[in-house]
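Peer 1: In my numbering, the protein residues as written are 38 to 270.
Ideal placement from N, C-alpha and C gives every residue a C-beta, glycine not left out.
I have a structure I would like to understand better, so I am pasting it below and will then ask my questions one at a time.
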């Protein structure tokens, strides 16, 4: 099989809490350690020539977690935005957040917008962070947009191929490879539409332990796959 680098790699970052529990630490310590994996994988992705790296950071369902953990995660997001500016700029990485921003605080929304603006001309790679996101929510909000457009212009003809433009991922390629850490083998309401023909890789490592070598091994495994998109080769 020809050795090829995926254009878009997406990661469901799972296992932070378990990593902390195994070490007798508070759950938030696992999330803090997980930020180091984000940095390591982003830098390795740039070195390997990946053009898009997306990370499932916080789901719509995660708002139901204990308030103190949610607050800690939002604070961690704020501090990461502040601390990672130099790394993003040095590596030529564009930063984008996709999800239901209405549920985020005004302070966090402002910080996100500022970093997106700061990095918008970086061209080595795009780092997409899915924050307050779920696949069902994305499809629902896209369907509402499509319905509103058809209500304005009933004569407009739309096909299934037009649906992508209403999703929050409009303009970005679907993921070639979706990785989930921690040994769990489910997609947890993530990229339900966009992942229709993605390759999946489930690894046993907890996210804080998933670093450069793990990322390279994932790319090696992807290179062995034969993607047929439902067709016969």
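(1) For residue 215 versus residue 48, is the C-beta spacing smaller than 9 Å?
(2) Among 219, 194, 258, 233, whose alpha-carbon lies nearest the alpha-carbon of residue 241?
(3) On the DSSP letters alone, give me the boundaries of the alpha helix (DSSP H) that residue 253 sits inside.
(4) In this structure, does DSSP put residue 44 in helix, strand or coil?
(5) Tell me whether the beta-carbon of residue 153 lies closer than 9 Å to the beta-carbon of residue 133.
(6) Indicate the three-state DSSP secondary structure (helix, strand or coil) for residue 116 in the structure shown.
(7) Indicate the three-state DSSP secondary structure (helix, strand or coil) for residue 163 in the structure shown.
(8) Find out if the Cβ-Cβ distance for the pair residue 119, residue 125 is shorter than 9 Å.
(9) Go ahead and pull the three-state DSSP assignment for residue 135.
(10) Distance, Cα to Cα, residue 142 vs residue 206?
(11) Would you mind giving the Cβ-Cβ distance between residue 167 and residue 252, rounded to the nearest angstrom? I have them listed as a contact below 8 Å.
Peer 2: For this structure:
(1) For the purposes of this step, residue 215 is identified with residue 178 of the chain shown, where counting begins at 1. For the purposes of this step, residue 48 is identified with residue 11 of the chain shown, where counting begins at 1. Result yes, Cβ atoms of residue 215 and residue 48 sit closer than 9 Å.
(2) Within the chain shown, numbered from 1, the residue matching residue 241 stands at position 204. Nearest option by C-alpha distance: 219.
(3) Taking the chain shown and counting its residues from 1, one reaches residue 253 at position 216. Looking at the DSSP string, the run of the alpha helix (DSSP H) that includes residue 253 is 249-261.
(4) On the chain shown, position 7 is the one that residue 44 refers to. Of the three classes helix, strand and coil, the one that applies to residue 44 here is coil, per DSSP.
(5) Walking along the chain shown from the start, residue 153 turns up at place 116. Walking along the chain shown from the start, residue 133 turns up at place 96. Yes. Within cutoff.
(6) Working through the chain shown from its first residue, we reach residue 116 at position 79. If DSSP states are grouped into helix, strand and coil, residue 116 belongs with the helices.
(7) Your numbering for residue 163 matches position 126 in the chain shown. Of the three classes helix, strand and coil, the one that applies to residue 163 here is strand, per DSSP.
(8) Taking the first residue of the chain shown as position 1, residue 119 is located at position 82. Taking the first residue of the chain shown as position 1, residue 125 is located at position 88. Contact flag unset, no.
(9) Taking the first residue of the chain shown as 1, we reach residue 135 at position 98. Strand.
(10) Residue mapping note: residue 142 aligns to position 105 of the chain shown, counting from 1. Residue mapping note: residue 206 aligns to position 169 of the chain shown, counting from 1. When rounded, the distance between both Cα atoms is 22 Å.
(11) In the chain shown, counting from the first residue as 1, residue 167 sits at position 130. In the chain shown, counting from the first residue as 1, residue 252 sits at position 215. Not confirmed; about 18 Å, so no contact.
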